[in-house]
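*Asks:*
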Ligand SMILES: [Mg+2]
Ligand SMILES: [Zn+2]
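Protein chains in written order, with our numbering: chain A, 18 to 496; chain B, 1149 to 1245; chain C, 2 to 484.
Dropping the structure here:
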């Protein structure tokens, strides 16, 4: 059996966050009545012409810059000609030999000898989306809804330099994070705002020439992408081992059976007959405008991670989690600012706050405990004014009722009580309620001290200073 | 260069045109007749091919990202061959039969 | 004649002054259409009429074209009449939106009374390729009016209207203007919005105007020109006043209104084989231009002979793509079949006529894998050289060029059957479309009783110069233009 090497390139289509379509003023919103968001341009009525959306150009440029691409000052739209009922003009307006951007690279997140593994990009270009076909609603007919037709996309094409399913997954997660950070796209695969096509081939390890590739479509999650690559890799290896040849074809991922199956050919052979779109003069971007777009990009995930490690002394794993989204990272820094304690801020956010968000389904910006209030809570805890458990309890109350932590803690009696009089009173009550345990404790069973402290803490609803309670209890047996 | 009957069938298939045998062979003749006149272009020296220096147009204008849909004076159903419940209907796609 | 021989400007003045109403002018135009479309040899120039315009309750009283009746080529989108492009595939299709040029004409006060016949999707030079039958030349009913805007040209020549809109891709306004003895203008590419003009070859298409006289055509063009946010290839900038340019020529310099202007005579447009009668008419026009003070100079445009091959690659290539939208899915004709591919093929094969099919085939071929470089890419390169020929000549101090508009006069219906022979009808006009420069045709005489057109070409956006020369030449030739 030959030792095969996997060769994968990814084509990612990503929907840009615009209000209107790429070439007309129709809404890009989802869930409207079929064909409600269509006009002469996106219905391809005779005589209608495309006019380019400025914001789509800006978002595509920002995505390209964030991916380290070189944005071309002149790029050209081209027609990709094929017949399909969800493609109203009979051609897709895309970019071909002069794309918006070239070069660039994406970090897979996997470290090879401690160094980042970068996957180089071939190009980033702009194009319009097609409409949707509904097949199960009318007997004998497919139903065409062109609401999505003309939605602006960027297509991000990697070099065929991905060598494992895990690297493909890492590439996609990083890519998604960058697109989200730059606010260019929702980049949600389940919702279809990010779509991935996999080009895959194998070759004997050490061989220079590329093998015949297949293309896998219909993937709706990153884990499906990874699984499909593994399955197709195994399929191709098995064919070659059996002396067969790989057939160049398009495959569809079958999520239910964990396998690929051939797509029935899309209406004959492919010859897209690309030529420059005569309805649109070239897209010309001023160098100064491109520079301004670059300057206004937010801090990107990799840079932010490096800074968090250096500035806050946190571990790589925690930083990875804190920078999962730009919003969480920003929130974290606001809590650090308010609390003056990065360690505790990280613990609170990655523990209590994330758990609470998971339960409530709220986004971090909507969480009722604002960074300023969480910061104040952390300060009370750090100063010893709140016990751990009282702090957690107070957080729950702040989530429910809102309000400032100090006044809430006072109202609820959660501030640590170290005043002897109050503590002695709670201890006396505990002794009265638990005569057996207190009797055995007084008779010398020192291990019961912890149990009694627990009862006192409970009675004080966490406000008693446990150190002081311990001292007072110990004094009773020696006194 | 000349066009064969096979070429004509292939092109017709790309262009979604249905040709009977008689029309196919007459198109072979007609296209070859026309293409013969195009052969003078093959003699053009392309080594000095011009670049962008004299592109026809300037830069494409951009429109603001705003909802400004061109209105339709009549309902989609009034001009569509088969329109139901807001959808354009086509014969069921072969991939979904 | 429905206009009593009055110019479009005079008609509009009459409407503004209350001498005649817009409704009366519309009624007269509709009656004139009825006259030319009935009898033993109907022109078949007007496909659709808007009868409502004769009963319009709201009268138009203002605007440079107040109440002036206009007909519009059937590939320009209108709301109240079909837009069928002379094709079965769009038979009965009424556009739910209106072309910018139509909106602008209406805003100027014009009344759109009809839609005119044309070669299917503007592919042709004789208006014989219409699904609705050929149009006759009003000057000689057995002959073609030229094309593809033959219906508009015939309507103006027959005296039905003073002004009509056509469209040009390779000479489809200038050539029928020449065949029908009227004025036809193709503006600079980008001067007029294409929004609502059904595309044939987007990089060449431009709406053009017909007029009985230079003044009529200039007024019409002035009304429709100007950048449009709905067409990315239309250009910014205020359109200059074409009419005042023409009138300045009349008034200035006494009988030498063209003093100081250099008119080029490109030798490639006057080959040995040129028809003797056409040559004689051109020589007389050139003599007239000299007499008006112009300096006439021989010039050369060396890539001219490659223009037809280039045009018949570029235009069909773009057309093959532009006509892909006619697929029976969203509008227009559909031939029902149980499978999608069968529906596409049946619809398109029955919907398109032979010439459209031929050009879609040719265009698909020159763009297809393996042939793109040999045909399309080469054609684009030669197109640049053709454009550079003009740039060079105009940069050498030449203000405008004078040529014959077409190599022949109007030929009999059915006389030309070889497609390429018919393509050669555009030999003197396609260059302006390929280069994007403005051009116009005006009557300069007759051969055997049939009109001969003389063509003026000018640099990009120099329509004013073109009109200045045309107006002077029209006046200088006087009655001999139509004799
Ligand atoms: Mg794509
Ligand atoms: Zn739209």
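Where a beta carbon is used, it is the ideal one built from N, C-alpha and C, also for glycine.
1. From C/68, C/95, C/69, pick the residue whose C-alpha is nearest to that of residue 81 of chain C; which is it?
2. Using a Cβ-Cβ distance cut-off of 8 angstroms, determine whether residue 116 of chain A contacts chain B.
3. Compute every distance between the C-beta of residue 207 of chain A and the non-hydrogen atoms of ligand 1, then say whether any falls below 7 angstroms.
4. Who are residue 30 of chain A's beta bridge partners in DSSP?
5. Rounded to the nearest angstrom, what separates residue 318 of chain C and residue 374 of chain A at their Cα positions?
6. Compute the Euclidean distance between the alpha carbons of residue 447 of chain C and residue 482 of chain C, then round it to the nearest angstrom.
7. For residue 342 of chain A, which three-state DSSP category applies?
8. Which residues bound the beta strand (DSSP E) around residue 266 of chain C?
9. Mind checking who residue 149 of chain A pairs with in its DSSP beta bridge?
10. Measuring straight from C-alpha to C-alpha, what distance separates residue 119 of chain C and residue 219 of chain A?
11. For the alpha helix (DSSP H) containing residue 1173 of chain B, list its first residue and its last residue.
12. Is it the case that the segment 253-270 of chain A contacts the segment 1171-1184 of chain B, given that we only count it when at least three CB pairs across the two stretches are under 8 angstroms?
13. I need the DSSP call for residue 310 of chain C, collapsed to helix, strand or coil.
14. According to DSSP, simplified to helix, strand and coil, what is residue 1213 of chain B?
15. Give me the Cα-Cα distance between residue 228 of chain C and residue 1207 of chain B, rounded to the nearest whole angstrom.
16. Whether or not the segment 38-55 of chain A and the segment 226-246 of chain A are in contact is what I'm after, with contact meaning three or more pairs of Cβ atoms, one per stretch, closer than 8 angstroms; do they touch?
17. Below 8 angstroms on the Cβ atoms is my contact criterion, and I expect residue 358 of chain C with residue 171 of chain C to pass it. Report the Cβ-Cβ distance as a whole number of Å.
18. In chain order, what residues of the same chain lie with their CB nearer than 7 angstroms to the CB of residue 480 of chain A, ignoring the 5 residues before and after it?
19. Give me the subset of the segment 337-354 of chain C whose CB atoms are less than 9 angstroms from a CB atom of chain B, sorted by chain position.
20. Would you check whether ligand 1 has a heavy atom nearer than 7 angstroms to the C-beta of residue 145 of chain A?
21. Flag residue 481 of chain C as yes if its beta-carbon sits less than 8 angstroms from any beta-carbon of chain A, otherwise no.
22. What would DSSP say about residue 1245 of chain B, mapped onto helix, strand or coil?
23. Since residue 123 of chain C contacts residue 201 of chain C with CB under 8 angstroms, what's their CB separation in whole angstroms?
24. Let me check you understand the geometry: is the CB of residue 232 of chain A closer than 7 angstroms to at least one non-hydrogen atom of ligand 1?
25. Whose CB is closer than 5 angstroms to a heavy atom of ligand 2? List the residues in chain order.
26. Within the continuous alpha helix (DSSP H) that includes residue 291 of chain A, where are the two ends?
27. Report the neighbours of residue 1154 of chain B on chain C: residues whose CB is nearer than 9 angstroms to its CB, in chain order.
28. Spell out the partners DSSP gives residue 136 of chain A in its beta bridges.
29. Residue 420 of chain C: which of C/298, C/112, C/129 sits nearest, CA to CA?
30. Alpha carbon to alpha carbon, how far is residue 159 of chain A from residue 91 of chain A? Give it in angstroms, no decimals.
31. Could you work out which residues of chain B lie near residue 98 of chain C, taking near to mean beta carbons separated by less than 7 angstroms?
32. Tell me whether residue 294 of chain A, by its Cβ, gets closer than 7 angstroms to a heavy atom of ligand 1.
33. Look at the Cβ atom of residue 432 of chain C, then the Cβ atom of residue 305 of chain C, and state whether they are nearer than 8 angstroms.
34. If residue 180 of chain C and residue 452 of chain C are in contact, beta carbons under 8 angstroms, what's the gap, nearest whole angstrom?
35. For residue 209 of chain A and residue 28 of chain A, what's the separation of their Cα atoms in angstroms?
36. Is residue 287 of chain A near ligand 1, judged by its Cβ being under 7 angstroms from some heavy atom?
*Replies:* In brief:
1. C/95
2. no
3. no
4. A/172, A/212
5. 57 angstroms
6. 7 angstroms
7. coil
8. 263-267
9. A/162
10. 57 angstroms
11. 1169-1186
12. no
13. helix
14. coil
15. 14 angstroms
16. no
17. With 8 angstroms as the limit, residue 358 of chain C and residue 171 of chain C do not qualify as a contact, their Cβ atoms being about 18 angstroms apart.
18. 407, 430, 431, 432, 433, 434
19. 337, 338, 339, 340, 341, 342, 343, 344, 345, 346, 347, 348, 349, 350, 351, 353
20. no
21. no
22. Interpretation of residue 1245 of chain B is limited by its pLDDT of 42, a score under 50 that renders its predicted location unreliable; the figure taken from the coordinates is listed afterwards. The answer is coil: DSSP assigns residue 1245 of chain B none of H, G, I, E or B.
23. 5 angstroms
24. no
25. A/41, A/43, A/56, A/58, A/59
26. Segment: none, residue 291 of chain A is in no alpha helix (DSSP H) and carries neither H nor E.
27. Near residue 1154 of chain B there are no residues of chain C at all, since even the closest Cβ is about 12 angstroms away, more than 9 angstroms.
28. A/123
29. C/129
30. 40 angstroms
31. 1218, 1220, 1221
32. no
33. yes
34. 7 angstroms
35. 14 angstroms
36. no
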